[in-house]
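As structure tokens, the structure follows; a few thoughts come after it.
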Amino acid sequence: MLPLTEAQIRASFVNASKRERDQLVLPADFGDLDWDRRDFLGWRDRKQPQVGYVVVELDGALVGVLLRQTEARSRTRPQCSWCEDVHLPNDVVFYGAKRAGAAGRKGDTIGTLVCADFECSANARKRPPTAYIGFDVEAARLRRIEALAEHVRAFVADVVGAE
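Count along the sequence shown from 1, add 796, and you get the number used in this note's numbering.
What follows is the structure, encoded as structure tokens:
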């Protein structure tokens with residue numbers, strides 16, 4: 797992912813009001829982010845922990861989505877829909893997002909199960925265990941990174957596409 801500025805991030809949100817964009821709190825480590833190891837920028841708001849933000853490049857444009865964590869809890873350990881890591885060291889929660897445009901103003905939403913603190917880029921880059929003799933671990937890792945980027949873009953496209 798290419799490095800982003802605060803202005804680019806704030807301007808990218810398609811399902812947030814001007815007030816919500818102005819009040820968003822950037823990640824604490826924003827100045828130190830390793831952009832080369834990210835497929836998207838995702839973080840939770842320090843002032844409002846139930847609020848999360850995701851910014852990704854979609855069809856050549858920067859698109860940001862405001863998410864809200866729901867109170868619903870699963871009885872079993874859910875799998876992240878984005879990184880699909882079955883050996884997660886972190887929690888997975890259900891986030892909902894208003895759709896962009898008129899649909900969102902009418903209350904239409906979409907949801908997904910995602911790593912609680914958006915650790916997906918790091919999870920996808922971990923070397924998977926060797927599944928069998930001759931298993932190409934590096935090729936599997938690269939497929940996971942590519943799949944993660946596709947899953948995030950597909951979710952954001954669903955948020956935008958309902959306009």
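In this text, a Cβ means the ideal position worked out from N, Cα and C, and glycines have one as well.
Item                                                                                                                                                          : Value
CA-CA distance, Pro845 and Leu800?                                                                                                                            : 23 Å
Taking only runs of the beta strand (DSSP E) that begin and end inside the segment 852-938, which ones reach a length of at least 3 residues, in chain order? : 857-865, 888-894, 905-911
Between the C-alpha atoms of Val850 and Val821, what's the straight-line distance to the nearest angstrom?                                                    : 13 Å
Would Phe931 be called buried (16 or more neighbouring beta carbons within 10 Å of its own) or exposed?                                                       : exposed
Going by beta carbon distance, what residues of the same chain come within less than 6 Å of Val889, once the five residues before and after it are set aside? : Gln865, Ala912
What whole-angstrom Cβ distance do Val955 and Ala893 have, given they're in contact under 8 Å?                                                                : 5 Å
Can you tell me whether DSSP reads Phe951 as helix, strand or coil?                                                                                           : helix
Quick check: the segment 810-827 against the segment 869-888, are at least 3 beta-carbon pairs closer than 8 Å?                                               : no
List the whole-angstrom C-beta distance separating Gln921 from Ile941, where the pair is believed to meet the contact cut-off of C-beta under 8 Å.            : Note on residue identity: the sequence assigns Arg, not Gln, to residue 921. Going by Cβ atoms, the distance from Arg921 to Ile941 rounds to 6 Å, so yes, they are a contact pair.
Look up Leu837 in the DSSP assignment and give the residues it is bridged to.                                                                                 : Val851
Measure from the alpha carbon of Gly897 to the alpha carbon of each residue in Ala803, Gln804, Phe809, then state which is nearest.                           : Phe809
Could you tell me whether the Cβ atoms of Ala933 and Arg949 are closer together than 8 Å?                                                                     : For the sequence presented, residue 933 should be read as Val rather than Ala. No, the pair does not count as a contact, with Cβ atoms beyond the cut-off.
Excluding five sequence neighbours on each side, which residues of the same chain lie with their C-beta closer than 8 Å to the C-beta of Thr926?              : Val933
Within this structure, are the beta carbons of Val952 and Val847 separated by less than 8 Å?                                                                  : no
Quick one: what's got a C-beta closer than 7 Å to Asp887's C-beta in the same chain, skipping five residues either side?                                      : Ala912
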